[in-house]
Each structure stands twice: as C-alpha cells, then as structure tokens.
Amino acid sequence: MPPPRHGGQGNVRQMDETGGPQAWFESLPVITRYWFGGALAVTVMCNFGFLPIMKMVWTWDRVWENFEIWRFLTPFLFVGKFDFNTLMALYMLQSYSNRYEMEPYNTGGGGGTADYAFALMFGAISIVVTYPI
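Number 442 in the working numbering belongs to position 21 of the sequence shown; there are no gaps in the numbering.
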C-alpha cells in the first residue's frame with residue numbers, strides 16, 4: 422500500500438532523494454565529469470588567486486628546463502576570467518562533451534568513452550606538439 426499523500430511522513434522527501442547538483446554531476450559520463458570538474462576548479466582557483474594564471478600557460482621551456490609537467494594538462498582546463506563568456510564556455514563544454522560521450526559517431530571502435538578519450542588525447546597532443554609552429 423503506498424504511503425498517504427495528505428500529510429504526515431508520507432509526503433516528506435529525504436535530502437538525498439531530491440537530486441540536485443550532486444546527483445546531476447554524478448550522472449555525467451566519466452570523461453565529461455572529470456573534464457568539466459577540472460575546468461571549473463582550475464578556473465575558480467585562478468580567478469580567486471589561489472593559482473597563478475601564468476602557471477597554467479603552456480610553455481615548452483618551462484616543461485623542459487623546470488620539469489613542470491602539469492603544463493601538459495592545465496591549458497585545457499583553464500577557461501578564462503569570470504564573465505558571461507566563461508559561463509557559456511563551461512556550459513558548451515559540458516553539453517557537447519556529454520553528448521559526444523553518450524552518443525558517439527560510428528567510428529567502428531565500439532565505444533563512446535574510449536573513442537572520446539582517444540579523440541581528446543589526439544587533439545591535445547596535436548596542439549601541444551604544433552604550438553611553436
């Protein structure tokens with residue numbers, strides 16, 4: 422028998438049943454979740470001064486001479502200063518990344534997450550290698 426709908430404990434929802442931002446974030450596919458979360462975290466930390474923005478920039482000299490290997494990843498996580506463009510960039514990152522990972526093109530490789538991870542790595546390596554050109 423279903424609980425009563427007219428008062429009492431029957432219509433009280435528990436906090437974890439409502440969904441909310443945490444449930445939405447956890448429902449994202451794995452690569453989209455980590456890329457969006459990393460982009461949001463790095464952008465917030467840079468804008469509030471916890472991380473210097475110049476430490477996020479890709480420079481081959483710093484990687485080669487000072488072994489600052491985080492510079493391979495951070496240029497793809499920093500979105501920019503806080504304004505409307507940043508919000509739109511984060512929205513598009515989440516939206517398009519989620520769509521591509523959930524419904525990939527038919528590449529013959531067999532999977533959305535694996536194909537997406539390969540495409541991201543290929544694109545990032547291509548950008549890093551051809552940057553000085």
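The beta carbon of each residue, even a glycine, is placed where N, CA and C say it ideally should be.
Problem set entry | Check whether residue 444 and residue 514 have beta carbons under 9 Å apart | Mapped onto the sequence shown, residue 444 falls at position 23. Mapped onto the sequence shown, residue 514 falls at position 93. Against a cut-off of 9 Å, the Cβ pair of residue 514 and residue 444 comes out as no contact.
Exercise. Apart from the five residues on each side of it in sequence, which residues of its chain come closer than 7 Å, Cβ to Cβ, to residue 468?
Worked result: For the purposes of this step, residue 468 is taken as residue 47 along the sequence shown, with counting starting at 1. Result list for residue 468: 502 and 503, in chain order.
Problem set entry | Rounded straight-line distance, which links the Cα of residue 473 to that of residue 569 | Outside the shown range of the chain, which is 422 to 554, sits residue 569, and nothing can be said about it.
Exercise. By DSSP, does residue 500 sit in helix, in strand, or in coil?
Worked result: Counting from 1 along the sequence shown, the entry for residue 500 is found at position 79. Residue 500: coil per DSSP, three-state reduction.
Problem set entry | Length of the line joining the Cα atoms of residue 481 and residue 538 | In the sequence shown, counting from the first residue as 1, residue 481 sits at position 60. In the sequence shown, counting from the first residue as 1, residue 538 sits at position 117. Going by the C-alpha atoms only, they are around 24 Å apart.
Problem set entry | Spatially closest choice to residue 546 from 477, 457, 442 and 496, by CA coordinates | Within the sequence shown, residue 546 is the residue found at index 125, counting from 1. It is 496.
Exercise. With residue 519 and residue 453 assumed to form a contact (beta carbons below 8 Å), what rounded beta-carbon distance in angstroms separates them?
Worked result: Here the question's residue 519 lines up with position 98 in the sequence shown. Here the question's residue 453 lines up with position 32 in the sequence shown. Correct: roughly 5 Å between the Cβ atoms.
Exercise. CB residue 491 to CB residue 476, shorter than 9 Å?
Worked result: Along the sequence shown, read from residue 1 onward, the residue named residue 491 stands at position 70. Along the sequence shown, read from residue 1 onward, the residue named residue 476 stands at position 55. In this structure, residue 476 lies closer than 9 Å to residue 491 by Cβ.
Problem set entry | Own chain, CB closer than 8 Å to residue 449, minus 5 neighbours either side, in chain order | Position 28 of the sequence shown, counted from the start, is the residue given in the question as residue 449. The residues 457, 515 and 519, in chain order, have a CB closer than 8 Å to that of residue 449 in the same chain once the five nearest residues on each side in sequence are set aside.
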